[in-house]
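Chains as they are written, first to last, in my numbering: chain A, 880 to 1122; chain B, 880 to 1122.
A virtual CB, placed ideally from N, CA and C, is assigned to each residue, including glycine.
There are 2 protein chains.
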Amino acid sequence: MSEERTGQQHTSRIANEIARRITQGKLGEGDILPKEVELAAEFNVSRTSIREALSLLKAKGLIESRQKLGTRVLPRVSWNMLDGDLLEWTWSQRPVAEFANRLNEVRRIVEPEACALCAKNGTDSDLAAIERAYHEMDAAGGDVSAFAEPDLRFHRGILIGTGNEFLVAFGAIVEAALRMSFELSTKNPDAPRRALSLHRAVLDRMWSRDADGARQAMLRLLDLTESNIMADLAQRDADNKKE
Amino acid sequence: MSEERTGQQHTSRIANEIARRITQGKLGEGDILPKEVELAAEFNVSRTSIREALSLLKAKGLIESRQKLGTRVLPRVSWNMLDGDLLEWTWSQRPVAEFANRLNEVRRIVEPEACALCAKNGTDSDLAAIERAYHEMDAAGGDVSAFAEPDLRFHRGILIGTGNEFLVAFGAIVEAALRMSFELSTKNPDAPRRALSLHRAVLDRMWSRDADGARQAMLRLLDLTESNIMADLAQRDADNKKE
DNA sequence: CATGTCAATATGTCCGACATATTTTCAATC
DNA sequence: GATTGAAAATATGTCGGACATATTGACATG
């Protein structure tokens, strides 16, 4: 989402910080945040920069401001959780295992059906794009970090292939999940290789326009992904206990 | 989403207008929009207000700006389509039938599974909230406009009941679909009544913690909803031809 | 031809002032 | 004493103009 693009360092830095206070619960639903001038003083920037940052959070549904009353935190229901930035902010703030479970829950609902739709409606050029991503995953071999990017493109490609732009928006969920899994599993270099053949299976079913087969194949892939993450988490917990 | 809340009329008005130029295709992917000073002149506002509007679009992934280069339209893939504002902007810009189909496609994927999860994980208080929404729908009777709000709350309540905050974000899709259906079917006053019993069925299955039953019931409800919308669209097309 | 420097340019940040909406206060009125 | 209504207080919204910063492209230098 907001790759730390040059310039506007203030905006994203401040938005980030305030967002974390909110997602973390230091600022709860209905709470009024400090006045813009006060925030400006705290962060040592002008009111302008504060307003830019707040405007970002406003757009994502975290806060709302009204004249004289101030700026207050909105209920979580109105947060746009499918937003990449918001996913990133929430992530580190809560138990990782639960975060992972929730993400997988959504993936299991959406991705198999997306595969079915992609098998049915995807154009050859859509599938070719997924095929390219697959080959790059293959070429990456054991290099986990080189594997991650085409992996995401593979899954995004399926969503695009559905022809349903709303499903494409789920890419943010997939991205969050993959990124989490990537950051967890640096020490598990053969995981990619096992996943590869399952990716191949998904793609094959889609090429043969086998909607149900694609759905099942994706489910198997998600099974593996999930168990990998669980294993990584267990490993991490074990490591933490040793210290 | 952004109910035209008081103040900041400029921001939302301008963001709206520019967003429509983008969603409509007047400004395509990669295009550079006019400089902020030019936009300021065009809309007769200060550069500050323009920047505030652009910052909103930035947060929703429609545009990106870099110093010296300017502000350019991002590819649709990076748009956050699950955002309520964006849904509203895209809506009127494209064939209504296709928009409706895409929305229903997503609803059919997500809502039945959400029902199953809600039946399994939803707390009694979650279900009670849905029950309240149901009673208000019942009380609304034939009044289509009084029916709409609790209807949305019913479906949102289910998403909340899943305990999965990412699924809650789908509420935007449901809202868009219901709003469309509402604006189409003003002349179909008995539609709510037929839907009511199907809502009841969903709720009953959830109370008895029957995950699969709830899933099936929701599917039947969506069947009705979909056929209602199709009928309304056909009716509307027929009306248009007469003129 | 390659490379490094400098001007040009559009967004990013700052400041200080005033506008506007809303709450709060408080006084006049019944 | 309760109600109403006008005025002060206050936090965000808008304005304008200035300077900072990043990036491009042209130019000059080796």
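Interface partners of residue i on chain B, CB under 9 Å
i, result
"A:Asp-962", "Ala-938, Lys-939, Gly-940, Asn-959, Leu-961, Asp-962, Ala-1048"
Environment of residue i [buried if 16+ CB atoms lie within 10 Å]
i, result
"B:Lys-1121", "exposed"
"A:Glu-882", "Low local confidence applies: a pLDDT of 49 at A:Glu-882 is under 50, so the model's placement there is unreliable, with the coordinate-based value given in what follows. Classification of A:Glu-882: exposed, given that the 10 Å Cβ count is below 16."
"A:Lys-937", "buried"
"B:Ala-1008", "buried"
"A:Ile-942", "buried"
"A:Gln-946", "exposed"
"B:Arg-981", "buried"
"B:Pro-1071", "buried"
"A:Asp-1102", "exposed"
"A:Arg-1099", "exposed"
"B:Leu-906", "buried"
"B:Gly-1040", "buried"
"B:Glu-915", "buried"
"B:Leu-1057", "buried"
"B:Arg-900", "exposed"
"B:Ile-1108", "buried"
"B:Asp-1022", "exposed"
"A:Ser-891", "buried"
"B:Asp-1111", "buried"
"B:Glu-1062", "exposed"
"A:Glu-908", "exposed"
"A:Gln-887", "buried"
CB contact flag (residue i, residue j, <9 Å)
i, j, result
"A:Val-1053", "A:Arg-1073", "no"
"A:Ala-1093", "A:Arg-1079", "no"
"B:Ser-934", "A:Leu-965", "no"
"A:Asn-959", "A:Lys-939", "yes"
"B:Leu-961", "B:Ala-1051", "yes"
"B:Ile-1037", "B:Val-1081", "yes"
"A:Thr-902", "A:Gln-972", "yes"
"B:Ala-998", "B:Arg-1088", "yes"
"A:Val-975", "A:Met-1059", "yes"
"A:Asn-1144", "A:Trp-968", "Outside the shown range of chain A (880 to 1122) lies residue 1144 of chain A, about which nothing can therefore be said."
"B:Ala-920", "B:Ile-897", "no"
"A:Phe-1033", "A:Ala-1012", "yes"
"A:Ile-911", "A:Gly-949", "yes"
"A:Ala-995", "A:Ala-1117", "no"
"B:Leu-1075", "B:Met-1016", "yes"
"B:Ala-1049", "B:Glu-990", "First, the amino acid is wrong: residue 1049 of chain B is Phe here, not Ala. Result yes, Cβ atoms of B:Phe-1049 and B:Glu-990 sit closer than 9 Å."
"A:Ala-1018", "A:Ala-1027", "no"
Contacts that residue i makes with chain B (C-beta to C-beta distance below 7 Å)
i, result
"A:Ser-934", "Glu-931, Ser-934, Leu-935"
"A:Glu-992", "Ile-988"
Beta-bridge pairing of residue i - partner residues as DSSP gives them
i, result
"A:Glu-908", "Answer is none; A:Glu-908 lacks a bridge partner."
"A:Gly-949", "A:Arg-945"
Neighbouring residues, chain B, relative to residue i (Cβ below 8 Å)
i, result
"A:Leu-982", "Phe-1045"
"A:Val-985", "Asn-1043, Phe-1045, Leu-1046"
"A:Ile-1039", "Val-956"
Partners in chain A for residue i, counting only beta-carbon separations shorter than 7 Å
i, result
"B:Ile-1052", "Phe-1045"
"B:Glu-1015", "Those do not exist, as B:Glu-1015 stays about 18 Å from chain A at its closest Cβ, beyond 7 Å."
Residue i: CB within 8 Å of a non-hydrogen atom of the ligand COA
i, result
"B:Trp-970", "No copy of the ligand COA appears in this structure; indeed no ligand is present at all."
Within chain A, partners of residue i - CB distance below 8 Å
i, result
"B:Arg-955", "Glu-1044, Val-1047"
"B:Val-989", "Ile-988, Val-989"
* Identify every run of the alpha helix (DSSP H) within the stretch 1056-1104 of chain A, keeping only runs that are complete inside it and at least 4 residues long; order them along the chain. => Qualifying alpha helix (DSSP H) stretches, in chain order: 1070-1086.
* Can you check the stretch 946-1020 of chain A for any beta strand (DSSP E) of at least 3 residues that lies completely inside it and give the ranges in chain order? => Those beta strand (DSSP E) runs which fall completely within the stretch 946-1020 of chain A and span 3+ residues are 949-952.
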